[in-house]
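K.L.:
In short: position in the sequence shown from 1, add 11, done, that's my numbering. C-beta atoms are modelled at their ideal positions from N, C-alpha and C, and glycine is treated no differently.
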Amino acid sequence: MNRLNVGGVDIPVEKKRIKNMYIRVAADGGVKITAPLRAPDEAIRAFAASRAAWIEKQKQRLAAQGARAELLYESGEECLVWGARYRLFVEHSLKSGVRVEGENVVLSVPEGSSAARRAEMMDGFYRALLNEAIPPLLESYGRVVGARAASWRIRDMKTRWGSCNARERRVCLNLRLAKLPPECLEYVLVHELAHLLERGHNHRFWAYMDRFYPNWRAVRARLNGRAAD
12 MNRLNVGGVD
22 IPVEKKRIKN
32 MYIRVAADGG
42 VKITAPLRAP
52 DEAIRAFAAS
62 RAAWIEKQKQ
72 RLAAQGARAE
82 LLYESGEECL
92 VWGARYRLFV
102 EHSLKSGVRV
112 EGENVVLSVP
122 EGSSAARRAE
132 MMDGFYRALL
142 NEAIPPLLES
152 YGRVVGARAA
162 SWRIRDMKTR
172 WGSCNARERR
182 VCLNLRLAKL
192 PPECLEYVLV
202 HELAHLLERG
212 HNHRFWAYMD
222 RFYPNWRAVR
232 ARLNGRAAD
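1) Say the cut is 8 angstroms; is the CB of asparagine 176 nearer than that to a heavy atom of the ligand FAD?
2) Quick check on the burial criterion: 16 or more other C-beta atoms within 10 angstroms. Buried or exposed for tyrosine 33?
3) Look up histidine 103 in the DSSP assignment and say whether it is helix, strand or coil.
4) Excluding the 5 residues preceding and the 5 following alanine 205 in the sequence, name in chain order all residues of the same chain whose CB lies nearer than 7 angstroms to its CB.
5) Return the Cβ separation of leucine 99 and valine 116 in integer angstroms, given the expectation that the two are a contact with Cβ distance under 8 angstroms.
6) By DSSP, does arginine 228 sit in helix, in strand, or in coil?
7) Please determine, among Arg180, Asp52, Glu112, the residue with the shortest C-alpha to C-alpha distance to arginine 210.
8) Between the beta-carbon of methionine 133 and the beta-carbon of glycine 108, is there less than 9 angstroms?
9) Can you round the beta-carbon distance between asparagine 48 and lysine 27 to whole angstroms, since I take them to be within the 8 angstroms contact cut?
10) Looking only at DSSP bridge pairs, what is tryptophan 163 linked to?
11) How big is the Cα-Cα spacing for asparagine 13 and glycine 41?
12) Starting from proline 193, follow the alpha helix (DSSP H) in both directions and report where the run begins and ends.
13) Looking at leucine 200: is its Cβ nearer than 9 angstroms to the Cβ of leucine 184?
14) Under 9 angstroms, do isoleucine 55 and leucine 15 count as touching if we go by C-beta distance?
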């Protein structure tokens with residue numbers, strides 16, 4: 012099986028006795044192209060480049076779905092905080108809250124609390140982490156990119172890690188980013204800020220990413236291949 016470099020990413024290509032070219036995005040985020048036997052490399056490369064936005068959307072959808080693995084939020088479960096694994100410990104207390112103690116995340120809730128309530132508490136914990144982390148990153152990367160968001164939001168999105176409304180200059184970031192290594196938040200934030208300069212995923216956009224966040228390929232691969240469970 013051959014491999015082609017498309018936009019800095021090596022993509023495996025399988026040639027078969029078929030008439031058309033196809034792209035498949037696997038559950039782990041891997042991309043594979045199937046092409047006719049006589050299809051030249053340049054035609055395959057152009058086809059892949061034309062589908063770059065679709066590939067990115069599929070990767071984000073699959074990764075975000077993996078990030079929503081169901082938890083009961085009971086003692087003994089593992090949870091992620093900025094990419095580090097912690098053991099969850101649920102304690103019964105009249106005063107609700109979430110805190111990190113050593114290798115544990117301690118979830119304090121009243122006795123008899125439901126799984127939905129515990130999930131709500133953990134979401135609030137992750138939201139607080141992002142509320143603290145995002146403003147300084149927006150400030151610093153806004154200077155780097157030369158474009159600033161007028162507003163930003165945190166949302167529990169199902170199919171993407173971030174979005175940008177270029178007209179209103181509003182950036183939305185996925186709540187689950189607080190589970191991933193900090194560089195994943197940085198990459199998504201810079202990605203969305205770059206959309207203030209270029210709305211599409213074309214060569215100009217990726218040139219901006221090369222300039223503003225040179226390590227974006229490695230971080231994107233990690234983001235798309237990792238479930239935040």
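P.N.:
Quick look at the numbers:
1) Among the components modelled here there is no ligand, and therefore nothing to report on the ligand FAD.
2) Taking the sequence shown and counting its residues from 1, one reaches residue 33 at position 22. Tyrosine 33 is exposed by the Cβ-count criterion.
3) One-based indexing of the sequence shown puts residue 103 at position 92. It is a strand residue.
4) Counting from 1 along the sequence shown, the entry for residue 205 is found at position 194. Its chain contains Val156, Phe216, Tyr219, Met220, Phe223 as the residues whose beta carbon lies nearer than 7 angstroms to that of alanine 205, once the 5 sequence neighbours on both sides are disregarded; these appear in chain order.
5) To locate residue 99, count along the sequence shown from 1; it is residue 88. To locate residue 116, count along the sequence shown from 1; it is residue 105. The beta carbons of leucine 99 and valine 116 sit about 5 angstroms from each other, so the pair counts as a contact at 8 angstroms.
6) Counted from its first residue, the sequence shown places residue 228 at position 217. Residue state, collapsed to three classes: helix.
7) By 1-based counting over the sequence shown, the position of residue 210 is 199. Taking only the C-alpha atoms, the option nearest arginine 210 is Arg180.
8) As a first step, residue 133 must be located in the sequence shown, where it is residue number 122. As a first step, residue 108 must be located in the sequence shown, where it is residue number 97. Contact check for methionine 133 against glycine 108 fails: the beta carbons are separated by 9 angstroms or more.
9) Residue mapping note: residue 48 aligns to position 37 of the sequence shown, counting from 1. Residue mapping note: residue 27 aligns to position 16 of the sequence shown, counting from 1. The sequence shown places leucine at residue 48, rather than the asparagine named in the question. With a beta-carbon spacing of about 7 angstroms, leucine 48 and lysine 27 fall inside the 8 angstroms limit used to define contacts.
10) Translated into the one-based positions of the sequence shown, residue 163 becomes position 152. Paired residues: Val182.
11) Here residue 13 refers to the residue found at position 2 of the sequence shown. Here residue 41 refers to the residue found at position 30 of the sequence shown. Here the C-alpha atom of asparagine 13 lies approximately 15 angstroms from the C-alpha atom of glycine 41.
12) One-based indexing of the sequence shown puts residue 193 at position 182. 193 to 205 is the extent of the alpha helix (DSSP H) around proline 193.
13) Position 189 of the sequence shown, counted from the start, is the residue given in the question as residue 200. Position 173 of the sequence shown, counted from the start, is the residue given in the question as residue 184. Yes, Cβ-Cβ distance for leucine 200 and leucine 184 is below 9 angstroms.
14) Within the sequence shown, numbered from 1, the residue matching residue 55 stands at position 44. Within the sequence shown, numbered from 1, the residue matching residue 15 stands at position 4. A Cβ-Cβ contact shorter than 9 angstroms links isoleucine 55 with leucine 15.
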